[in-house]
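Scroll down for the structure; my scribbles are underneath it.
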Amino acid sequence: MSLEKNLDETLEWFKEKISSNVSSYRNNAMKQIRAISDRIEEVKTAAHRFDYSDLKDPDVYQNYATTIYDKTLEVFEQIQAPEIITYNNLDNFARDTNNKINTYMNILSKYLSWLKRDRSYKTKVKTLDRALTRLKEELHIFENKTMLSYSEIINFEKVCDDITSLIGLVDRIQFLEKEIESHKDDIEKLTQTIEKNEKDLIELKNHPGFQQLEKNKKELEHIEISISNKVSEIKKLSSKVLRAADSRKIELNEYDKELMKNLTKDPLGVFVKENEGYRGVKAMLNTLKEISKEPAIQMKKEKLQRAYENIDEILNDEILEIQIRAQFLVQQSEAINDKFKEMQLDIKIKKLEDEIDNLKIDRNRITLPLRREKEEKGKEIDTISKSVEERIEEFTSKVVKLIL
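First residue of the sequence shown? That's 31 in our numbering, and the numbers climb one at a time after it.
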């Protein structure tokens with residue numbers, strides 16, 4: 031059975047569960063830190079013997095000695111022992127102390143080389159040197175023994191760190207939610223404007239003319255299919271005739287040649303542009319039928335026969351009715367479009383569409399950074415919380431469900 035706990039409860043509960051595992055490591059680390067602090071105090075005490083600042087007219091060596099004392103305080107006063115014992119805090123303490131010692135040694139190398147020339151400083155130099163050596167030895171033990179041993183409990187501390195991170199992430203998400211909510215009125219105003227513009231846009235697009243244009247378009251598509259079916263074999267024959275004309279095997283005037291090309295590419299357009307009764311097409315088809323008998327035109331008999339049947343159907347006005355209907359539909363559509371241009375309907379629609387798009391962008395931008403951060407924090411919470419639950423079970427043999 032799993033335990034359900036909020037983050038604060040989980041943190042305290044887990045710390046209590048692992049206290050017996052980590053207390054000895056932390057006590058040992060604290061003891062070693064106190065030892066290092068004692069050695070630092072020894073260095074400061076040894077350096078105090080170099081202080082000649084109370085002299086009225088100190089010589090050069092005495093000035094160097096006082097500088098050593100001042101620099102000692104300056105360097106080592108900055109070292110702060112960690113109040114909370116964790117591996118990261120101990121590691122930072124060790125690094126900081128090491129850096130300060132290296133800095134201090136560079137300072138000593140500059141001034142002690144002069145003081146060693148004066149025998150009166152010999153004992154003081156040795157005392158300071160011994161104190162510094164003991165400090166370095168203590169730090170060496172800390173880095174190579176205490177820290178190495180302490181690393182055994184890093185995994186326990188990592189769970190505590192992750193729970194603390196989760197607490198911060200949850201607090202951040204709550205803050206972001208409040209920030210998003212604070213923009214509710216601004217978003218609502220923009221939403222109302224967008225909805226009004228969208229309503230106006232729908233009204234414009236629902237103009238009867240648009241509906242008629244759509245109906246005309248669909249009917250013209252059906253007519254185009256019908257005409258294409260009627261000229262399918264004619265197109266094949268026309269292609270053969272055009273190739274023969276291009277290779278000069280037959281004679282073909284430019285008008286018929288152009289009409290055959292157009293019939294191949296856009297049969298509906300050809301009949302729409304022709305006058306009622308499509309005389310030009312009929313004349314061309316008669317020419318095509320006559321030329322197809324030339325030896326230069328090679329086509330299978332059955333295909334040629336189907337082409338003749340198509341030609342005869344067109345010559346007998348079998349598509350006259352749909353030609354007239356197509357011409358009416360095209361003219362009606364053009365008239366509607368002309369009316370729309372006169373009304374500047376396309377401009378009004380485009381203006382409304384652009385305005386709606388811009389308003390949506392403005393509305394989105396108001397809380398976009400906040401929502402993105404919230405989403406990112408949410409993903410972090412999912413990943414970390416799952417990991418924490420798994421490691422708690424591993425370390426305590428207890429199944430804990432985090433309440434976020």
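C-beta atoms are modelled at their ideal positions from N, C-alpha and C, and glycine is treated no differently. From a predicted model like this one, the values you see are computed outputs, not experimental measurements.
Environment of residue i [buried if 16+ CB atoms lie within 10 Å]
i      : result
Gln62  : buried
Met135 : exposed
Lys331 : exposed
Asp286 : buried
Ile340 : Looking at the sequence shown, residue 340 is not Ile but Asn. By the 10 Å Cβ count, Asn340 comes out buried.
Leu178 : exposed
Leu29  : Since the first and last residues shown for the chain are 31 and 434, residue 29 lies out of range.
Ile352 : buried
Met290 : buried
Ile264 : buried
Glu454 : Summary: the structure shown does not reach residue 454, with the chain confined to residues 31 through 434, and so no result is reported for it.
Arg69  : buried
Glu187 : buried
Met314 : buried
Ile255 : exposed
Val429 : exposed
Candidates the options, of which the one nearest residue i by Cα
i      : options                           : result
Ser322 : Leu267, Asn346 and Met290         : Leu267
Lys219 : Glu42, Ile232 and Arg393          : Arg393
Ile411 : Arg69, Ser195 and Leu293          : Ser195
Arg401 : Thr317, Phe301, Leu206 and Arg309 : Leu206
Thr413 : Ala337, Gln241 and Asp192         : Asp192
Thr102 : His78, Ser54 and Ser150           : His78
Arg395 : Ile217, Val52 and Lys235          : Ile217
Ser269 : Thr133, Ser32, Lys295 and Ala365  : Lys295
Glu348 : Glu284, Ile257 and Glu288         : Ile257
Ile224 : Leu434, Ile422, Leu234 and Glu385 : Glu385
Sequence-distant residues of the same chain with beta carbon closer than 8 Å to residue i, five excluded per side
i      : result
Lys45  : Cys190
Lys312 : Ile344 and Leu345
Leu350 : Glu306, Gly307 and Tyr308
Lys404 : Ile203, Leu206, Glu207 and Ile210
Proximal residues to residue i (C-beta, below 7 Å), its chain only, five neighbours per side dropped
i      : result
Glu343 : Lys260
Thr127 : Ile66, Ile109 and Leu169
Arg56  : Ile115
Lys319 : Tyr338 and Ile341
Glu180 : The question names Glu, but residue 180 is Tyr in the sequence shown. For Tyr180, where only same-chain residues beyond five positions count, the Cβ hits under 7 Å are Tyr55, Ala59, Tyr117 and Leu120.
Gln92  : Tyr82 and Leu85
Close-in-space but distant-in-sequence residues of the same chain around residue i (CB under 6 Å, 5 per side omitted)
i      : result
Val360 : Val302
The stretch 343–357 contacting the stretch 241–261, beta-carbon criterion three pairs below 8 Å: yes
Segment contact, 8 Å Cβ cut-off, at least three pairs: the stretch 386–405 with the stretch 263–278: no
Validate contact between the stretch 37–47 and the stretch 96–104 using beta carbons, cut 8 Å, 3 pairs: no
Every unbroken alpha helix (DSSP H) within the stretch 291–332, with a cutoff of 4 residues, ordered by chain: 297–303 and 309–321
Cβ contact check for the stretch 148–166 and the stretch 61–79: 3 or more pairs under 8 Å: yes
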